[in-house]
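Engineer: In order, the protein sequence lines correspond to chains A and B. Following the working numbering, the numbering of the first sequence begins with 12 at its first residue and continues without gaps. Following the working numbering, the numbering of the second sequence begins with 12 at its first residue and continues without gaps. Glycine included, C-beta positions come from ideal geometry on N, C-alpha and C.
Number of protein chains: 2
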Amino acid sequence: MGEFDIIREVFAPLAADADGAFGLGDDAALIDNGPFVVTKDAIVAGVHFLPKDPYDLVARKLMRVNLSDLAAKGARPIGYLLACVWPAGVKREQIELFARGLNEDQGRFRVSLFGGDTTAHLQKTGPAVFTATFFGAPPRQGVTARVGAQAGDDLYVTGVIGDAGLGLKALRREEKFTTVDKASLAMRYHLPEPRLSIGAAIAGFATAAIDVSDGLIADAGHLARASGLRAEIDAVSIPRSTAAGAWVARQQNRWKALADVASFGDDYEILFTAPSAMRRSVTVAAKAAKTEVSRIGSMTRGEGAALLDENGREIAVRSAGFDHLKG
Amino acid sequence: MGEFDIIREVFAPLAADADGAFGLGDDAALIDNGPFVVTKDAIVAGVHFLPKDPYDLVARKLMRVNLSDLAAKGARPIGYLLACVWPAGVKREQIELFARGLNEDQGRFRVSLFGGDTTAHLQKTGPAVFTATFFGAPPRQGVTARVGAQAGDDLYVTGVIGDAGLGLKALRREEKFTTVDKASLAMRYHLPEPRLSIGAAIAGFATAAIDVSDGLIADAGHLARASGLRAEIDAVSIPRSTAAGAWVARQQNRWKALADVASFGDDYEILFTAPSAMRRSVTVAAKAAKTEVSRIGSMTRGEGAALLDENGREIAVRSAGFDHLKG
Numbered sequence: 012m013g014e015f016d017i018i019r020e021v022f023a024p025l026a027a028d029a030d031g032a033f034g035l036g037d038d039a040a041l042i043d044n045g046p047f048v049v050t051k052d053a054i055v056a057g058v059h060f061l062p063k064d065p066y067d068l069v070a071r072k073l074m075r076v077n078l079s080d081l082a083a084k085g086a087r088p089i090g091y092l093l094a095c096v097w098p099a100g101v102k103r104e105q106i107e108l109f110a111r112g113l114n115e116d117q118g119r120f121r122v123s124l125f126g127g128d129t130t131a132h133l134q135k136t137g138p139a140v141f142t143a144t145f146f147g148a149p150p151r152q153g154v155t156a157r158v159g160a161q162a163g164d165d166l167y168v169t170g171v172i173g174d175a176g177l178g179l180k181a182l183r184r185e186e187k188f189t190t191v192d193k194a195s196l197a198m199r200y201h202l203p204e205p206r207l208s209i210g211a212a213i214a215g216f217a218t219a220a221i222d223v224s225d226g227l228i229a230d231a232g233h234l235a236r237a238s239g240l241r242a243e244i245d246a247v248s249i250p251r252s253t254a255a256g257a258w259v260a261r262q263q264n265r266w267k268a269l270a271d272v273a274s275f276g277d278d279y280e281i282l283f284t285a286p287s288a289m290r291r292s293v294t295v296a297a298k299a300a301k302t303e304v305s306r307i308g309s310m311t312r313g314e315g316a317a318l319l320d321e322n323g324r325e326i327a328v329r330s331a332g333f334d335h336l337k338g
Numbered sequence: 012m013g014e015f016d017i018i019r020e021v022f023a024p025l026a027a028d029a030d031g032a033f034g035l036g037d038d039a040a041l042i043d044n045g046p047f048v049v050t051k052d053a054i055v056a057g058v059h060f061l062p063k064d065p066y067d068l069v070a071r072k073l074m075r076v077n078l079s080d081l082a083a084k085g086a087r088p089i090g091y092l093l094a095c096v097w098p099a100g101v102k103r104e105q106i107e108l109f110a111r112g113l114n115e116d117q118g119r120f121r122v123s124l125f126g127g128d129t130t131a132h133l134q135k136t137g138p139a140v141f142t143a144t145f146f147g148a149p150p151r152q153g154v155t156a157r158v159g160a161q162a163g164d165d166l167y168v169t170g171v172i173g174d175a176g177l178g179l180k181a182l183r184r185e186e187k188f189t190t191v192d193k194a195s196l197a198m199r200y201h202l203p204e205p206r207l208s209i210g211a212a213i214a215g216f217a218t219a220a221i222d223v224s225d226g227l228i229a230d231a232g233h234l235a236r237a238s239g240l241r242a243e244i245d246a247v248s249i250p251r252s253t254a255a256g257a258w259v260a261r262q263q264n265r266w267k268a269l270a271d272v273a274s275f276g277d278d279y280e281i282l283f284t285a286p287s288a289m290r291r292s293v294t295v296a297a298k299a300a301k302t303e304v305s306r307i308g309s310m311t312r313g314e315g316a317a318l319l320d321e322n323g324r325e326i327a328v329r330s331a332g333f334d335h336l337k338g
């Protein structure tokens, strides 16, 4: 198996719909017109996925963490470039499995492969690294930036929070769950759902948005800091799945458990702000996008992000989320 | 040192000229209009650079291997996205050194940072991986594709071949060189020169082009295969530096030495084809671009690439170049 056979036989079919990709037979691709929303995220074995995760799920996670960035901007995905750094001695079957994952989500999200690079570690212990650069079309109303929230804005989040983090704990056997809960939590870790429909639906009136990857509190802090504000989150209003709710109920300290849920990360939900005059618009957008949206707090003068208990007192949070340079 | 401080303090200044980069304070960047030529290459410690190479040189090599792809297409570089996967426990000084390298070549090649991702291995032995996605403006005459050579076309290469491979041998102490030769060869390994001027100058009449990264013979094979032809290279006409010429002269078997030079890779010169009626245009373009261009062979009916001795007999070549999945 050689690099060039793999590109021709395994990856080129994924570029069949992209005219400017030259069937992956060139050093570069030609993409038409713009403007584009572009984003580039890397995922690393042992950091963003488990080294033994099946490669089709890894490929789909790579796509989805990038698509999630486009979703937060309200952009419609178009296509992507891919760079793979495989472990030394990777088998063709593993690369084919990865490509099957890409193919499945290409169909689901209507994107094409434009080009990229595939290589392998020479060092035996080198962990797999995958990066993608995604291109999207900005929404007609203009992209929802991270900056733009106003004091007094409501703070919303899509879907549920905490499942992916609990899924990782389940996969690592750090926590016990029922078989059904484990399966659903693990799936949320492996396959986040990029919130493209709701991201596009709120583009007209959301004042700022970010996708939740580092943890709800950490990303609320990023959102707040971008606009020189403070994000206050009501802990009890954070949306949870049945499985996560059951886990919280099993913990001795309920507030600590809620703080954990809000710190795990990997949720890939959209956290956004909107003026309180727009509550009806949020409800309509959520319905149109068939996506749950929860109002979880508000933006105030101040700095950073705080998790509040039912009496409005700040809950201590051990970690403000995952910092990839600290590990 | 945290991920977000590093982005704000070290990388954000590199994006100061790019309006749509939002000062790297967003999940995505907005880029205007198009069309774009896009390319994405990864470099890996232990594969594409030496683990002890200074990070400013690594950063500049990352930029240059990508810029070289744009050069082969005749495109004018505009900007790039960056993803860094650092070794566990990376020091802030190392990241700053990397950013200084980026900054230096951003000035030289007039490109801006649009955005990206920075993360680190959790596994102690994880080799550093860097990938960049470069955006270029296609030349008015249209991009020079890899496909398009005609039987009878001349085959040309820019600059000199073999220096980078010998530089790597010098750095690894596999071969001895004079101090002066070692320095110049090592610099060619660390800092390839993307041939942007000549790439743009030939865009009107070159029928096909590729940059030489896997080795002259291997990449001639890729160029030939794209058009269903055979590339024939006259070994003695391959341009060599004084240092590489001296190395060839020291080898017992001259033809084997020439085959080695044509197989090392990492040259990042442009290999291109043009009709023989265009020889004068090639000369004019070379002069305008202040770049040496050598005619080294021609395209014929057949398949693959062959290195010929002065009597037109094929020279045996051990390896057809570097295959990144075989190592």
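Applying the 10 Å Cβ sphere with the 16-neighbour rule, what's the burial state of Pro150 (chain B)?
Structural biologist: Counting Cβ neighbours within 10 Å, Pro150 (chain B) comes out buried, since at least 16 surround it.
Engineer: Are the beta-carbon atoms belonging to Ala70 (chain B) and Val96 (chain B) less than 8 angstroms from one another?
Structural biologist: no
Engineer: With DSSP as the reference, label Ala181 (chain B) as helix, strand or coil.
Structural biologist: Three-state DSSP puts Ala181 (chain B) in a helix.
Engineer: In three-state terms, what does DSSP make of Glu243 (chain B)?
Structural biologist: strand
Engineer: Which of the three DSSP states is assigned to Ser248 (chain A) in this structure?
Structural biologist: helix
Engineer: Can you give me the C-alpha to C-alpha distance between Phe15 (chain B) and Arg157 (chain B), rounded to a whole angstrom?
Structural biologist: 40 angstroms
Engineer: Anything in the stretch 203-232 of chain B with a Cβ closer than 7 angstroms to a Cβ of chain A? List those residues in chain order, please.
Structural biologist: For the stretch 203-232 of chain B, which is checked against every Cβ of chain A, the residues closer than 7 angstroms are Ile221, Asp222.
Engineer: Whose C-alpha, out of B:Tyr91, B:Gly239, B:Pro203, is nearest the C-alpha of Gly36 (chain A)?
Structural biologist: B:Gly239
Engineer: Quick one: using the 10 Å Cβ neighbour count with 16 as the cut-off for buried, is Asn77 (chain B) buried or exposed?
Structural biologist: buried
Engineer: Could you work out which residues of chain B lie near Val96 (chain A), taking near to mean beta carbons separated by less than 7 angstroms?
Structural biologist: Ala53, Val55, Val140
Engineer: On the premise that Asp128 (chain B) lies in contact with Asp52 (chain A), defined as a C-beta separation below 8 angstroms, what is that separation, rounded to the nearest angstrom?
Structural biologist: 5 angstroms
Engineer: Among B:Phe47, B:Gly13, B:Asp278, which has the Cα closest to the Cα of Ile228 (chain B)?
Structural biologist: Distance check between Ile228 (chain B) and each of B:Phe47, B:Gly13, B:Asp278 places B:Asp278 closest, using alpha-carbon atoms only.
Engineer: Would you check if the stretch 211-227 of chain B and the stretch 163-180 of chain B touch, i.e. whether three or more CB-CB distances between them fall below 8 angstroms?
Structural biologist: yes
Engineer: Taking Cβ positions, are Thr311 (chain B) and Glu204 (chain B) nearer each other than 8 angstroms?
Structural biologist: A distance of 8 angstroms or more separates the beta carbons of Thr311 (chain B) and Glu204 (chain B).
Engineer: Closer than 7 angstroms between beta carbons: that is the criterion. Which residues of the stretch 141-158 of chain A meet it against chain B?
Structural biologist: Thr142, Thr144, Pro149, Val154, Ala156, Arg157, Val158
Engineer: If Leu124 (chain A) and Leu25 (chain A) are in contact, beta carbons under 8 angstroms, what's the gap, nearest whole angstrom?
Structural biologist: That belief holds up - the Cβ atoms of Leu124 (chain A) and Leu25 (chain A) are roughly 4 angstroms apart, short of 8 angstroms.
Engineer: Could you name the residues of the same chain whose beta carbon sits closer than 8 angstroms to that of Asp245 (chain A), not counting the 5 residues immediately before and after it, in chain order?
Structural biologist: Ile307, Gly308, Leu319, Glu321
Engineer: Just list the residues that DSSP pairs Arg87 (chain A) with in beta bridges.
Structural biologist: Answer is A:Ala148.
Engineer: Which residue's Cα is closest to the Cα of Asp64 (chain A): A:Val122, A:Gly118, A:Gly112?
Structural biologist: A:Gly112
Engineer: Thinking C-alpha only, which one of B:Phe141, B:Gln263, B:Phe22 is nearest Ile54 (chain A)?
Structural biologist: Of the listed residues, the one whose Cα sits closest to Ile54 (chain A) is B:Phe141.
Engineer: Can you tell me which of the three DSSP states Ala39 (chain A) falls into?
Structural biologist: coil
Engineer: By the DSSP assignment, the beta strand (DSSP E) with Asp52 (chain B) in it spans what residues?
Structural biologist: 47-55
Engineer: Taking Cβ-Cβ distances shorter than 8 angstroms, what residues in chain B pair up with Asp7 (chain A)?
Structural biologist: Given a span of 12 to 338 for chain A in the structure shown, any question on residue 7 (chain A) remains unanswerable.
Engineer: What are the boundary residues of the beta strand (DSSP E) that Gly127 (chain A) is part of?
Structural biologist: 123-131
Engineer: Going along chain B in order, which residues have a C-beta closer than 7 angstroms to the C-beta of Met12 (chain A)?
Structural biologist: Leu336
Engineer: Suppose contacts are defined by Cβ-Cβ distances below 8 angstroms. Is Pro88 (chain B) in contact with Phe47 (chain B) by that definition?
Structural biologist: no
Engineer: Listed from N- to C-terminal order along the chain, which residues in the stretch 161-190 of chain B have their beta-carbon within a distance smaller than 7 angstroms of any beta-carbon of chain A?
Structural biologist: none
Engineer: Pull up the distance between the alpha-carbon of Met198 (chain B) and that of Met289 (chain B), whole angstroms please.
Structural biologist: 33 angstroms
Engineer: Since Ala212 (chain B) contacts Ala300 (chain B) with CB under 8 angstroms, what's their CB separation in whole angstroms?
Structural biologist: With 8 angstroms as the limit, Ala212 (chain B) and Ala300 (chain B) qualify as a contact, their Cβ atoms being about 5 angstroms apart.
Engineer: Report back the beta-carbon spacing between Gly323 (chain A) and Arg241 (chain A) to the nearest angstrom; my notes put them in contact at under 8 angstroms.
Structural biologist: Wrong, their Cβ atoms sit about 13 angstroms apart, outside the cutoff.
Engineer: Need the endpoints of the beta strand (DSSP E) that Asp165 (chain B) sits in, please.
Structural biologist: 165-169
Engineer: Cα separation between Ala194 (chain B) and Gly256 (chain B)?
Structural biologist: 16 angstroms
Engineer: Keeping to the same chain, check which residues put their C-beta closer than 8 angstroms to that of Phe188 (chain A); ignore five residues upstream and five downstream.
Structural biologist: Leaving aside the five residues that flank Phe188 (chain A) on each side, the residues in its chain whose CB is nearer than 8 angstroms to its CB run, in chain order, Leu177, Ala181, Leu196, Ala254, Trp258.
Engineer: Would you please verify whether the beta carbon of Gln105 (chain A) is less than 8 angstroms from any beta carbon of chain B?
Structural biologist: no
Engineer: Can you find a CB in chain B that lies within less than 8 angstroms of the CB of Leu240 (chain A)?
Structural biologist: no
Engineer: Of the choices B:Lys102, B:Thr169, B:Leu234, B:Val191, whose alpha-carbon is the least far from that of Gly159 (chain B)?
Structural biologist: B:Leu234
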